[in-house]
Amino acid sequence: MSEVDVPDSHPRYESLLTRHRIEEGVEKGITSRQGLIAQGRGEAFDYLLGERTIDSAEGAERAAAAHLLLADHPVLSVNGNVAALVPAEIVELAEVTDADLEVNLFNRTEERIEAIAEHLREHGAGEVKGLTADGRIPGLDHERAKVDADGIGDADVVVVPLEDGDRAEALGEMGKTEIVVDLNPLSRSAQVGTVPIVDNVIRAVPNITAHARELQGQPETELRTIVDEFDPDTALEAAERAIRDGDVDIGEQ
Ligand code: ATP
Numbered sequence: 043m044s045e046v047d048v049p050d051s052h053p054r055y056e057s058l059l060t061r062h063r064i065e066e067g068v069e070k071g072i073t074s075r076q077g078l079i080a081q082g083r084g085e086a087f088d089y090l091l092g093e094r095t096i097d098s099a100e101g102a103e104r105a106a107a108a109h110l111l112l113a114d115h116p117v118l119s120v121n122g123n124v125a126a127l128v129p130a131e132i133v134e135l136a137e138v139t140d141a142d143l144e145v146n147l148f149n150r151t152e153e154r155i156e157a158i159a160e161h162l163r164e165h166g167a168g169e170v171k172g173l174t175a176d177g178r179i180p181g182l183d184h185e186r187a188k189v190d191a192d193g194i195g196d197a198d199v200v201v202v203p204l205e206d207g208d209r210a211e212a213l214g215e216m217g218k219t220e221i222v223v224d225l226n227p228l229s230r231s232a233q234v235g236t237v238p239i240v241d242n243v244i245r246a247v248p249n250i251t252a253h254a255r256e257l258q259g260q261p262e263t264e265l266r267t268i269v270d271e272f273d274p275d276t277a278l279e280a281a282e283r284a285i286r287d288g289d290v291d292i293g294e295q
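Residue numbers (this note's numbering): 43 to 295.
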């Protein structure tokens, strides 16, 4: 038995675990109530994808790993859903790719940023950025524009799982390489990402880490080839096709 009291052989195990973690996140004050709605939306898309990593997402995860290894200053953005769902996994990805972690919230409160930073530290994080908020993303209203100048403000590659469309667009306009994780291939975030990963963050983050481990030590030319061969439009089309045409076969419901 597991943390959600269902055997991990249960066909909906991952989905139940995800809900349980988000609920706990809300109880602990790290996930907002809006986060519950985002979760519900994501779950519906994941159901249609068959709750699996499709091939095009696997390719995107590999390209994301190559980008992170090539980056001068990679930053992983963490919101309340990410902190609730994959705290240890995002800390591990930061370690393997030598990236900074920065808390970045849609509904920003210092209290929640502090709670998320503490939650990440409990899962092994060292420094967590996000509280200094001395940088701004141009084109967004005051609260939504805040970032750390030496974090996301200075990053060349940012991973933004479950980012809202406005901010994803504005970050792209700053010239940053944006790796988006979003189960909806039609969302604006996925559409503007340099590397859109249409997969559940629960599967995507450990997969990027696994690819980064495997690619570590590869010559730069090899990493550049992986980056150059990735085409976001092809990946988004493949994801949309999988959702529209796929057979849903994930066991009894
Ligand atoms: P946009 O402004 O980009 O069009 P939106 O308004 O649809 O986005 P939100 O309601 O903020 O976005 O929802 C967040 C997005 O995160 C949704 O597209 C949802 O599918 C996705 N999402 C939710 N949970 C997960 C998850 N566990 N893994 C990956 N994506 C997720």
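Positions of the beta carbon are idealized from the N, C-alpha and C atoms, including for glycine.
When we look at the beta-carbon of residue i and count the other beta-carbons within 10 Å, is it buried (16 or more) or exposed?
i	result
E301	The structure shown does not extend to residue 301, since the chain spans only 43 to 295, so no value can be given for it.
A108	buried
E220	buried
G293	For G293, the predicted structure reports a pLDDT of 45, less than 50, and the residue's modelled location is therefore unreliable. A value from the coordinates is still provided. Burial call: exposed.
I306	With the chain covering only 43 through 295, there is no way to say anything about residue 306.
N149	exposed
P203	buried
Q260	exposed
Q258	exposed
S51	exposed
I194	buried
R63	buried
L278	buried
L147	buried
P180	exposed
D47	exposed
A246	buried
G82	exposed
G101	buried
T60	buried
D224	buried
Quick one: what's got a C-beta closer than 6 Å to residue i's C-beta in the same chain, skipping five residues either side?
i	result
Q295	At Q295, the pLDDT of 36 sits below 50, so the modelled position is not reliable; the number obtained from the coordinates is stated separately. Cβ within range, chain order: n/a, list empty.
P274	P238
N226	F87
A280	S98
K188	A175
S57	none
D206	F148
F272	A105
Return the chain-ordered list of same chain residues with a C-beta closer than 7 Å to the C-beta of residue i, the five sequence neighbours on each side being excluded.
i	result
E134	T251
M43	Because M43 sits at a pLDDT of 45, beneath the cut-off of 50, its placement in the model cannot be relied upon, and the point is left open.
D196	H115
A113	D198 and V199
L78	I64 and V68
E185	R150
Check the C-beta distance from residue i over to residue j and give it rounded, since I have them as a contact under 8 Å.
i	j	result
I244	L90	Incorrect: roughly 16 Å between the Cβ atoms, too far for contact.
E103	N249	4 Å
G235	A210	7 Å
D192	G172	Incorrect: roughly 11 Å between the Cβ atoms, too far for contact.
L162	A212	At roughly 24 Å, the Cβ-Cβ gap does not stay under 8 Å, so L162 and A212 are not in contact.
V170	V201	In fact, because the Cβ distance is near 15 Å, the residues do not count as touching under 8 Å.
Quick one: is residue i near chain C, going by C-beta distance under 8 Å?
i	result
D206	No chain C is part of this structure, which consists of one protein chain only.
To which residues of the same chain is residue i closer than 8 Å at the C-beta, ignoring the five residues directly before and after it?
i	result
A136	L118, D142, L143 and A167
A157	K70, G71 and I72
A254	A107, L110, L111, L135, V138 and T139
I96	V240, D241, A280, A281 and A284
A80	N123 and L204
E215	P180 and G181
Sufficient close CB pairs (3 or more, under 8 Å) joining the segment 117-134 to the segment 257-271: No, the segment 117-134 is not in contact with the segment 257-271.
Segments assigned beta strand (DSSP E), at least 3 residues, entirely inside the segment 108-192: List check, beta strand (DSSP E) in window: 116-120 and 142-145.
Beta strand (DSSP E) runs wholly inside the segment 200-233, at least 3 long, in chain order: Segments of the beta strand (DSSP E) lying fully in the segment 200-233: 219-223.
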